[in-house]
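Inspection log for the structure reproduced underneath, given as structure tokens.
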Amino acid sequence: MSTSTSYDEALATRPFKHEIDKRDRRALSERLTVIEHGPDVYQVYSEEGIEYLVDIREPSCTCPDFIYREADCKHIRRARIEAGSRDLDALDTEIQDALDTLDDHIASLAAQRAELVRLRRDLDHFG
Numbered sequence: 001m002s003t004s005t006s007y008d009e010a011l012a013t014r015p016f017k018h019e020i021d022k023r024d025r026r027a028l029s030e031r032l033t034v035i036e037h038g039p040d041v042y043q044v045y046s047e048e049g050i051e052y053l054v055d056i057r058e059p060s061c062t063c064p065d066f067i068y069r070e071a072d073c074k075h076i077r078r079a080r081i082e083a084g085s086r087d088l089d090a091l092d093t094e095i096q097d098a099l100d101t102l103d104d105h106i107a108s109l110a111a112q113r114a115e116l117v118r119l120r121r122d123l124d125h126f127g
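Using UniProt numbering, the first residue of the sequence shown is number 1, and each one after it goes up by one.
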């Protein structure tokens, strides 16, 4: 008896996780208010009304995420989007690729479900 797991079985048992960066997702989906403060400098207000100062050139932000992780936070990413300095076509391609991967995953799960329905029907012939 084989103990190896087929690709379809592995695909069916693991949850789908897209590769869109969580900070990009938040920059796009959260209600952030961006106000130009000067050349390449923006005030970004969170949904809770907390103000962060963002410099998209450096880049830098006064939020804890940027201070502790030194990674482009959602505030920097959103300010770049609003300023027109973010490659939206590349981001759109990432999202479309994730959608295509998810569609493939859904199709695979649907095919596996159909097979199980057929097996149940076949089993009913014996009972």
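We put the beta carbon where it would ideally sit given N, CA and C, even for glycine.
All values derive from a computational prediction rather than experimental measurement.
Rounded to the nearest angstrom, how far is the Cβ of residue i from that of residue j, given a contact under 8 Å?
i: D55; j: D40; result: 6 Å
i: A90; j: Y42; result: The Cβ separation is near 21 Å, so there is no contact.
i: F66; j: I76; result: 7 Å
i: E19; j: A111; result: 23 Å between Cβ atoms; not a contact.
In three-state DSSP terms, what is residue i?
i: H75; result: helix
i: T93; result: helix
i: S4; result: With a pLDDT of 48 at S4, under the threshold of 50, the modelled position of this residue cannot be trusted; read the value that follows with caution. Three-state DSSP puts S4 in coil, outside helix and strand.
i: D87; result: coil
i: A110; result: helix
i: E82; result: helix
i: E51; result: strand
i: L119; result: helix
Count the other C-beta atoms from every protein chain shown that fall within 10 angstroms of the C-beta of residue i, then say buried if there are 16 or more, exposed otherwise.
i: I35; result: exposed
i: Y68; result: exposed
i: K74; result: buried
i: V117; result: exposed
i: R23; result: buried
i: A114; result: exposed
i: A107; result: exposed
Judging by CA-CA distance, which residue of the options is the nearest neighbour of residue i?
i: L32; options: R25, K22, E47 and G38; result: E47
i: R49; options: E58, L102, E30 and L88; result: Sequence inspection shows Gly at residue 49; the Arg mentioned does not correspond to that position. Closest option to G49, Cα to Cα, is E30.
i: G84; options: K17, I95 and R57; result: R57
> Going along the chain, which unbroken runs of the beta strand (DSSP E) with 3 or more residues stay wholly within the region 19 to 43?
Replying inline: When DSSP assignments are scanned along the region 19 to 43, the uninterrupted stretches of beta strand (DSSP E) that are 3 or more residues long and fall wholly within it turn out to be 33 to 38.
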